Amino acid sequence: MTGYQIQRHRILLCVLALFCLGMALMGCKKASLDDWYATQADQFQEMTDAVNSQDLGYTLDIVTADSDALVFQYTLSKAYDMSDDADALTQLYDAIFDSYASTFSSLRAQIADETGINGIAIRLTALNPDGTVLYSRDFTE
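First residue of the sequence shown? That's 1 in this note's numbering, and the numbers climb one at a time after it.
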């Protein structure tokens with residue numbers, strides 16, 4: 001990945017994290033993460049539409065998984081050959097993920113407060129166009 005692509009990923013992650021934190025602050029008590037997500041679905045859709053309308057080299061989906069994970073799923077526009085430098089890609093995503101640890105921690109706390117569920121994970125997943133997982137990591141504190 002080029003320096004420009006790395007910077008775009010960092011900026012987008014920051015924007016997404018701040019948006020999600022704002023959405024978490026707006027909610028009211030819900031029975032599950034899926035219920036909480038459903039109350040935010042329109043805002044998440046607007047955000048993904050805005051991101052996906054740009055030519056960033058990937059598309060974004062925000063979904064829930066396993067009833068306890070809020071997933072930021074990035075699907076690359078062009079396949080990344082993992083034999084090229086898989087360690088570099090993993091290190092890149094780890095560095096980005098780690099730099100937002102406090103934001104993810106705050107988001108998890110807010111979701112837990114609004115849903116009453118502890119143990120919510122924030123998951124970052126990067127996929128090749130064919131759905132092959134390039135990277136996946138949960139932030140659980």
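Just so it is clear, CB atoms sit at the ideal spot from N, CA and C, and this is done for glycine as well.
As the structure is a prediction and not an experimental result, all values here were calculated from the model.
Just verifying my parser: in three-state terms, what is the DSSP assignment at residue i?
i      : result
Ile117 : coil
Tyr144 : Outside the displayed span of the chain (1 to 141) sits residue 144, for which this structure offers no information.
Asp61  : strand
Tyr74  : strand
Ala79  : coil
Considering only their Cβ atoms, is the gap separating residue j from residue i smaller than 8 Å?
i      : j      : result
Leu60  : Thr48  : yes
Leu107 : Leu76  : no
Thr140 : Ala121 : yes
Tyr93  : Tyr135 : yes
Can you check which of these residues, the options, is closest to residue i by C-alpha distance?
i      : options                       : result
Phe72  : Arg123, Gln54, Gln110, Glu141 : Arg123
Ser67  : Tyr93, Ala38, Asp85           : Ala38
Ala41  : Gln54, Asp55, Val63           : Val63
Lys78  : Tyr93, Asp98, Ile96, Leu56    : Leu56
Val133 : Ser53, Leu89, Glu46, Ala50    : Leu89
My guess is that residue i and residue j are in contact by the Cβ rule of under 8 Å, so how many angstroms apart are they, rounded?
i     : j      : result
Tyr74 : Thr125 : 7 Å
Ala69 : Asp138 : 6 Å
Trp36 : Thr115 : 5 Å
- Query: What are the uninterrupted segments assigned as alpha helix (DSSP H) that are 4 or more residues long and contained completely in the segment 82-133, given in chain order?
  - Reply: With a minimum length of 4 residues, the continuous alpha helix (DSSP H) runs that stay inside the segment 82-133 are 82-99, 101-115.
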